[in-house]
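Q: Below you will find the structure I want to go over with you.
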Amino acid sequence: MEATDQNPFSLTSGTRIQPLGSDRFYMLVRWLVLIFLFTVIQLLTNESVWPPLQSSNPMMVVVWCYAGLTCLLTILLFWRSLTSVRNIAFVADIAVVILLTMLDPANAGLFYPLYLLPLIGVAMQMSSAASLSIACVTAVLYIAAYLGILSDLSGLNNLPDMLELLSLALRAVTIVFIPWLANGLAERSGMLNRQSVVVAEKETERAWDEANSYRDRMRALYEVAYTLSTTMNYKSVLNAALVESRKLVPYTSALVLLSTGEPDELYVAASYGLNPADLDIRVHIGQGSIAKILRSGDPSLVKNIGQEAEVRTITVLQKCQSSCIVPLRAALNTYGVLLLASDRADAFSDEQLGMVTPLANYAIIALHNAQLVHDLREERAKLISKEEEVRHQLARDMHDGPAQALAAITMNIEFIKRLLERDPERVADELDKMAVLSKRTTHEIRTLLFELRPLVLETQGLDVTLQQYFERFDSKETKIVLDTEPVPIELDSKVEGTLFNIIQEAVNNALKHARAKHIWVRLKIVTETLEITIQDDGCGFDLKKVKASYEQRGSFGLLNVEERAKLIGGVSEIHSAPDQGTTVRVMMPLQIQ
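The numbering of the sequence shown is numbering that gives the first Met the number 0, which starts it at 0 and goes up by one.
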């Protein structure tokens, strides 16, 4: 970036920078010198300064002429070229000092310091050679004027002695040296100022570049965020991230690799600069750089990406020498990687890697949202299936239990009616049998209602509910043993209901399929975690085989346990093997204050 603003104090591009303030200050000093001259000459001549031009003394006339010229130069300073005004002022200053020296030889030493003012002023404005030349000329004029004065005072035959010549030489050297020294200081000051200006321009340029880079990053983030907020299609967000990344980090080709669902296999979900034949390629993760980045979760720069075995099948990447890889991870979920590649070596820097990472974060959000939507749809489908399953199970339980029992009671009533006519003595025995059947049917109906909605759970808690529920199975061959510890906090009613359903599901599965002699149900607190264990000593089963056959089965008992545990923020473990029994364990964190 080139600076377009010019310094308002500069004359032309080829001249030194001349601050206008220094010329005005020099003019102010000239007025102070003029006041000094009026005062000194009035003391030397014993004549009044006012009114002007009334005195016949030449020195007074010279000073008044100098005053008029100073007024004119002051006016010209504001509207004429600085160079011409400066030159006129310098000649006038030197001429006035020489005239005053010649008009009053006896007090020549009094006017000597006045030589230095114009010389220093010129030295500050000109180059070193020019100021030295002018100082030398002025020194020669001073020596000539001084010698001329001596010749007038002492005659040509009375030459100055060695001490006077040495004093004259020292004054002449001073006239030359002081302006030269002032010029050197001015040159150094000007050089430092120019260096400061250059440094300031570079700092300004760097700040401007950083501001532009920050603006571009914010614009890219906004574009991707806008796409994310206006669409649920994660592929649109991925494509937008690739497009905006190219504005920040120029690359040759780019692609987003996502998991196919198979172990260590990725597919091309979005791309830029890839051949159509490369879009259907499956990338298998091995032990290369991509695998390391996926495991570590840290963005990284990879050289010679085309030589990586994992992506060597992608033809475009074979020519690329450098790459920028950002893993797409959210929490414990790994979705894939964002890969930017260039055919130039060292095309990417750590700073550019930091620019791409926020864009990748938006891609992660889009993928996470897509995963949540997918999971939500699956959960909705499972709820519908579960509702249908519950209705079917309820219909089967009603049909196999109370419905058949009521039908049997109805048939017994008709049978007893006939016995009253044919064999009244048997009526009492048949009524006893019907009473037993009625009690059993009532028990089954109450158990069924208890399983559907245990009201005691809402009033007395999970411990009492389990005790009452297991008492209904005392008559069965399988003995249920309950072992509970007090829970330090009051659980939410919905959480208790879900835990009861989990235990009920596991116990019913054991009663139906395990052929166990004992079922142990344990509730205990382990490091602020509620741990529930349902264990039996039954026949057990092949866990992998059962899970693999869920799609062909009509029952999802174990799957229900896992899903219900997730609903309350817990996890479940199921261990089983043939002839070794089954253990179902559910762990749920407790928020203990």
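Just so it is clear, CB atoms sit at the ideal spot from N, CA and C, and this is done for glycine as well.
I need the boundaries of the alpha helix (DSSP H) containing Lys475, first residue and last residue.
A: Along the sequence shown, one-based indexing puts residue 475 at 476. Careful: Lys475 lies outside any alpha helix (DSSP H) and carries neither H nor E.
Q: Leaving out five residues on either side along the sequence, give the residues of the same chain with a beta carbon under 6 Å from the beta carbon of Glu530.
A: Indexing the sequence shown from 1 puts residue 530 at position 531. Contacts found: Lys523, Met586.
Q: Within 6 Å: the Cβ of Trp207 and any heavy atom of the ligand HEM?
A: Annotation note on the ligand HEM: not contained in the displayed structure, which lists no ligands.
Q: Let me check understanding here. Comparing Cα to Cα, which of Ile34, Leu72, Ala269 lies closest to Met59?
A: Counting from 1 along the sequence shown, the entry for residue 59 is found at position 60. Met59 has its Cα closest to that of Ile34, out of Ile34, Leu72, Ala269.
Q: Quick one: measure Cβ to Cβ for Trp179 and Ala134, integer angstroms, because I've assumed they're closer than 8 Å.
A: Taking the sequence shown and counting its residues from 1, one reaches residue 179 at position 180. Taking the sequence shown and counting its residues from 1, one reaches residue 134 at position 135. Correct: roughly 6 Å between the Cβ atoms.
Q: Let me confirm a value: Tyr221 is counted as buried when at least 16 other C-beta atoms fall within 10 Å, else exposed. Which label applies?
A: As a first step, residue 221 is located in the sequence shown; it is residue number 222 there, counting from the start. Its Cβ having fewer than 16 others within 10 Å, Tyr221 is exposed.
Q: What are the start and end residues of the alpha helix (DSSP H) that includes Gly120?
A: Translated into positions along the sequence shown, residue 120 becomes position 121. That run of the alpha helix (DSSP H) goes 115-124.
Q: With DSSP as the reference, please indicate the residues paired to Arg343 in a beta bridge.
A: The count along the sequence shown starts at 1 and reaches residue 343 at position 344. BP columns for Arg343 are empty, so no partner.
Q: Note the first and the last residue of the continuous alpha helix (DSSP H) segment covering Glu307.
A: Translated into the one-based positions of the sequence shown, residue 307 becomes position 308. It is not in any alpha helix (DSSP H) - Glu307 carries neither H nor E in the DSSP assignment.
Q: Determine contact between the stretch 262-270 and the stretch 388-407, defined as no fewer than three beta-carbon pairs at a distance below 8 Å.
A: Contact fails: fewer than three Cβ-Cβ distances are below 8 Å.
Q: Using a 10 Å radius around the Cβ and a threshold of 16 neighbouring Cβ atoms, would you call Met125 buried or exposed?
A: Looking up residue 125 in the sequence shown gives position 126. By the 10 Å Cβ count, Met125 comes out buried.
Q: Taking the beta strand (DSSP E) that Asp357 falls in, what are its first and last residues?
A: Position 358 of the sequence shown, counted from the start, is the residue given in the question as residue 357. Reading the sequence as shown, one finds Pro at residue 357 and not Asp. No beta strand (DSSP E) holds Pro357; the alpha helix (DSSP H) holding it covers 349-397.
Q: Are Ser322 and Ala340 close, meaning C-beta to C-beta below 7 Å?
A: Walking along the sequence shown from the start, residue 322 turns up at place 323. Walking along the sequence shown from the start, residue 340 turns up at place 341. Yes, they are a contact pair.
Q: Out of Arg471, Ala427, Lys381, which has the shortest C-alpha to C-alpha gap to Leu448?
A: For the purposes of this step, residue 448 is taken as residue 449 along the sequence shown, with counting starting at 1. Cα-wise, what sits closest to Leu448 is Arg471.
Q: Using only alpha-carbon positions, find the residue among Asp473, Glu386, Glu457 that is nearest to Ser492.
A: Within the sequence shown, the letter at position 493 stands for residue 492. When each option's Cα is compared against that of Ser492, the closest is Glu457.
Q: Hey, how far is the Cα of Leu167 from the Cα of Val175?
A: Taking the first residue of the sequence shown as 1, we reach residue 167 at position 168. Taking the first residue of the sequence shown as 1, we reach residue 175 at position 176. Approximately 13 Å, taken between the alpha carbons.
Q: Using 8 Å for Cβ pairs, my map puts Leu257 next to Tyr334. What's the rounded Cβ distance?
A: Walking along the sequence shown from the start, residue 257 turns up at place 258. Walking along the sequence shown from the start, residue 334 turns up at place 335. Confirmed, about 6 Å.
Q: Three-state secondary structure (DSSP) at Met231?
A: As a working mapping, residue 231 is identified with position 232 in the sequence shown. Here Met231 sits in coil by DSSP.
Q: What are the uninterrupted segments assigned as beta strand (DSSP E) that are 3 or more residues long and contained completely in the stretch 508-565, given in chain order?
A: Correct list: 517-524, 528-535.
Q: Can you name, in chain order, every residue of its own chain whose Cβ lies under 8 Å from the Cβ of Leu140, other than the five neighbours on each side?
A: Here residue 140 refers to the residue found at position 141 of the sequence shown. Contacts found: Ile93, Ile97.
Q: If we ignore side chains and look at the alpha-carbon of each, how far apart do Asn332 and Pro577 end up?
A: Counted from its first residue, the sequence shown places residue 332 at position 333. Counted from its first residue, the sequence shown places residue 577 at position 578. Distance between the alpha carbons of Asn332 and Pro577 is about 34 Å.
Q: Quick one, which of Thr312, Met433, Glu561 has its alpha-carbon nearest His283's?
A: Working through the sequence shown from its first residue, we reach residue 283 at position 284. That would be Thr312, whose Cα lies nearest to the Cα of His283.
Q: Taking a contact to mean a Cβ-Cβ separation below 7 Å, would you say Asn182 touches Ala122 in this structure?
A: Within the sequence shown, numbered from 1, the residue matching residue 182 stands at position 183. Within the sequence shown, numbered from 1, the residue matching residue 122 stands at position 123. Yes, they are a contact pair.
Q: Please identify the residue among Leu316, Met433, Val196 whose C-alpha is closest to the C-alpha of Arg343.
A: Working through the sequence shown from its first residue, we reach residue 343 at position 344. That would be Leu316, whose Cα lies nearest to the Cα of Arg343.
Q: Quick check on DSSP: helix, strand or coil for Asn274?
A: By 1-based counting over the sequence shown, the position of residue 274 is 275. Three-state DSSP puts Asn274 in coil, outside helix and strand.
Q: Do you know whose CA, among Ser575, Gln534, Ala359, lies nearest Lys600's CA?
A: Outside the shown range of the chain, which is 0 to 592, sits residue 600, and nothing can be said about it.
Q: Give the DSSP-derived three-state secondary structure of Gly287 in the structure shown.
A: Counting from 1 along the sequence shown, the entry for residue 287 is found at position 288. If DSSP states are grouped into helix, strand and coil, Gly287 belongs with coil.
Q: Exposed or buried, Cys319, counting other C-beta atoms within 10 Å across all chains shown (16 or more means buried)?
A: Counted from its first residue, the sequence shown places residue 319 at position 320. Buried, since its Cβ has 16 or more Cβ neighbours within 10 Å.
Q: For Leu254, is the classification buried or exposed, using 16 other Cβ atoms within 10 angstroms of its Cβ as the cut-off for buried?
A: Within the sequence shown, residue 254 is the residue found at index 255, counting from 1. Burial call: buried.
Q: Measure from the alpha carbon of Lys246 to the alpha carbon of each residue in Leu358, Phe469, Gly539, then state which is nearest.
A: Locating residue 246 in the sequence shown gives position 247, counting from the first residue. It is Leu358.
Q: Helix, strand or coil: how does DSSP classify Cys319 here?
A: Numbered from 1 along the sequence shown, position 320 holds the residue referred to as residue 319. Cys319: coil per DSSP, three-state reduction.
Q: On a CA-only basis, which of Leu278, Pro326, Tyr271, Asn303 is nearest Ala290? Give me that one, please.
A: To locate residue 290, count along the sequence shown from 1; it is residue 291. When each option's Cα is compared against that of Ala290, the closest is Pro326.
Q: Thinking Ile488 and Val506 are a contact (beta carbons under 8 Å), I'd like their distance in whole angstroms, please.
A: Your numbering for residue 488 matches position 489 in the sequence shown. Your numbering for residue 506 matches position 507 in the sequence shown. With 8 Å as the limit, Ile488 and Val506 do not qualify as a contact, their Cβ atoms being about 25 Å apart.
Q: Straight-line CA distance for Val236 to Lys385?
A: On the sequence shown, position 237 is the one that residue 236 refers to. On the sequence shown, position 386 is the one that residue 385 refers to. Looking at the two C-alpha atoms, the distance is approximately 35 Å.
Q: Only counting the same chain, and skipping five residues up and downstream in sequence, which positions put a Cβ closer than 7 Å to that of Gly553?
A: Taking the sequence shown and counting its residues from 1, the one referred to as residue 553 is at position 554. Only weak support exists for where Gly553 lies, its pLDDT of 46 falling under 50; the value from the coordinates is given anyway. Result list for Gly553: empty, nothing under 7 Å.
Q: So, are the CB atoms of Gly569 and Asp535 less than 7 Å apart?
A: Residue 569 sits at position 570 when you count from the first residue of the sequence shown. Residue 535 sits at position 536 when you count from the first residue of the sequence shown. The answer is no: Cβ separation not under 7 Å.
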